[in-house]
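Peer 1: Structure in structure tokens, see below.
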Amino acid sequence: MPRRDIMNPLTVTIDGPAGVGKSTVARSLAARLGIPYLNSGALYRAVAWKVSKRGIKPNDEAAVLDLCKQTEFVLVGPDNDQSVVIDGTRLTHELWTPHVSLVASEVSRLPSVRAFLRPIQRQCGNNQGVVAEGRDMGTHVFVDAEVKVFLDASPTVRARRRFRELQSRDAAVSWERTASELTERDNRDTTRYAAPLRPSPDATMIDTSDLSASQVVDAILALIRQEQARPQVEPTPPVDTTKRTQSSY
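Residue 304 is where the sequence shown starts when you use my numbering, and the numbers rise one by one after that.
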């Protein structure tokens, strides 16, 4: 039974690099709040999957954008993972292979592709609120979110979590390859021109290295309660400068 002790609708963004626990935390938090969950990376992975199927180079921005415009995207879930239906085909495990991960990292660097997908992501937050996780949710997609969080963890912890995640998806990966790809992904995400990975200035930083997912969820719930307990400041009405006051002289 979802907990509805927090006022809805509400937008919460959870950003951070791979391996910090974004998906686990975001899914659990959304369930606790009783509002939708958005895994923004699923959209980029869906694009990457179709790009690979069509044999399009992931750095060919015009071709990738044209492919996006010809594709119908529908976000579904989550069950255990959010899936995407593109052109009537539901993608689940196909989105999480190492190859799709690499291609997704490439297509996510394309400014026009990010701009095209942004409205689709924002639709998930209409009316009902949303817990959105990704790499630019607080800085570019939901810039007016009530609560913004940026998760981080030590490189070793992140690599270990990522390795276990890939193993759970039956991906044939090695520890060495996982750690290497994580480093490469970090470099691409932080140096890309379009929406580089960085904390929003108004985000709360949480180091998850020594925290369980439930502890992180509880910390974010505390932030939400703190934010919603803050008195709402009524906007000051504009001064009508067209009126003349009677002179006291």
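The beta carbon of each residue, even a glycine, is placed where N, CA and C say it ideally should be.
Could you say which of Glu449, Asp455, Arg464, Arg491 lies nearest to Val410 if we only look at CA atoms?
Peer 2: Closest by alpha carbon: Arg491.
Peer 1: Among all the DSSP beta bridges, which residues are the ones paired with Glu436?
Peer 2: Note: Glu436 sits in a beta bridge opposite Ile317, Asn342.
Peer 1: Bridge partners for Val452 per DSSP, in chain order?
Peer 2: Note: Val452 sits in a beta bridge opposite Ile317, Thr507.
Peer 1: Between the Cα of Ala431 and the Cα atoms of Thr494, Gly337, Ile509, Val354, which residue gives the shortest distance?
Peer 2: Correcting the residue type first, residue 431 is Gln in the shown sequence and not Ala. Measuring from the Cα of Gln431, the nearest candidate turns out to be Gly337.
Peer 1: When the Cα atoms are used, what is the spatial distance from Arg556 to Pro534?
Peer 2: Within the shown structure, residues of the chain are numbered from 304 to 552, placing residue 556 beyond reach of any answer.
Peer 1: Assign Glu484 to one of two classes, buried (16 or more other C-beta atoms within 10 Å of its C-beta) or exposed (fewer than that).
Peer 2: With 16 or more Cβ atoms within 10 Å of its Cβ, Glu484 is classed as buried.
Peer 1: With C-beta atoms as the reference, is Gly437 less than 8 Å away from Asp318?
Peer 2: Their beta carbons are under 8 Å apart, which means Gly437 touches Asp318 by this criterion.
Peer 1: In its own chain, which residues sit with a C-beta less than 8 Å from the C-beta of Leu346, not counting the 5 before and 5 after it?
Peer 2: Excluding sequence neighbours, Leu346 sits near Phe376, Leu378, Val387, Leu420, Ile423, Gln424.
Peer 1: Taking Glu397 as the reference, which of Trp352, Val520, Asp369, Val519 has the closest Cα?
Peer 2: The shortest Cα separation from Glu397 among Trp352, Val520, Asp369, Val519 belongs to Trp352.
Peer 1: Could you tell me the alpha carbon to alpha carbon distance between Ser355 and His402, rounded to whole angstroms?
Peer 2: Using only the alpha carbons, I get a separation of about 9 Å.
Peer 1: Please tell me whether Ala516 and Gly324 are closer than 8 Å, where the distance is taken between their beta carbons.
Peer 2: Result yes, Cβ atoms of Ala516 and Gly324 sit closer than 8 Å.
Peer 1: Tell me, to the nearest whole angstrom, how far the beta carbon of Ile527 is from that of Val315; I am working on the premise that it is less than 8 Å.
Peer 2: Between Val315 and Ile527 the Cβ distance is about 7 Å, and since that is below 8 Å, they are a contact.
Peer 1: Are the beta-carbon atoms belonging to Ala482 and Ala462 less than 8 Å from one another?
Peer 2: Yes, they are a contact pair.
Peer 1: Between Ala407, Ala334, Ser326, Leu394, which lies nearest to Ile359 when the distance is taken from Cα to Cα?
Peer 2: Answer by Cα proximity: Ala407.
Peer 1: Please give the ranges of any beta strand (DSSP E) in the segment 348 to 420, keeping only runs that are unbroken, at least 3 residues long and fully inside the region.
Peer 2: DSSP runs (the beta strand (DSSP E)) wholly in the segment 348 to 420: 376 to 379, 386 to 389, 392 to 394.
Peer 1: So, Ala349 versus Leu394, is the Cβ gap smaller than 8 Å?
Peer 2: It is a contact, given that the beta carbons lie within the stated cut-off.
Peer 1: Determine the closest residue to Gly441 out of Thr392, Leu413, Ala498, Ser503, with distance taken between C-alpha atoms.
Peer 2: When only C-alpha atoms are compared, the closest one is Ser503.
Peer 1: For Ala278 and Ala475, I'd like the C-alpha separation in whole angstroms.
Peer 2: The question about residue 278 has no answer, for the chain in this structure spans 304 to 552.
Peer 1: Nearest-angstrom Cα distance between Arg307 and Arg335?
Peer 2: Any reading at Arg307 needs caution, since the residue's pLDDT is 45, under 50, leaving its predicted position unreliable; the model's value is listed next. The straight-line gap from Cα to Cα measures roughly 7 Å.
Peer 1: Going by CA-CA distance only, name the one from Leu524, Arg501, Thr459 that's closest to Asp439.
Peer 2: Checked all of Leu524, Arg501, Thr459; the closest Cα to Asp439 is Arg501.
Peer 1: Whose C-beta lies closer than 7 Å to the C-beta of Tyr496 among residues of the same chain, with five residues either side of it excluded?
Peer 2: These residues qualify, in order along the chain: Pro414.
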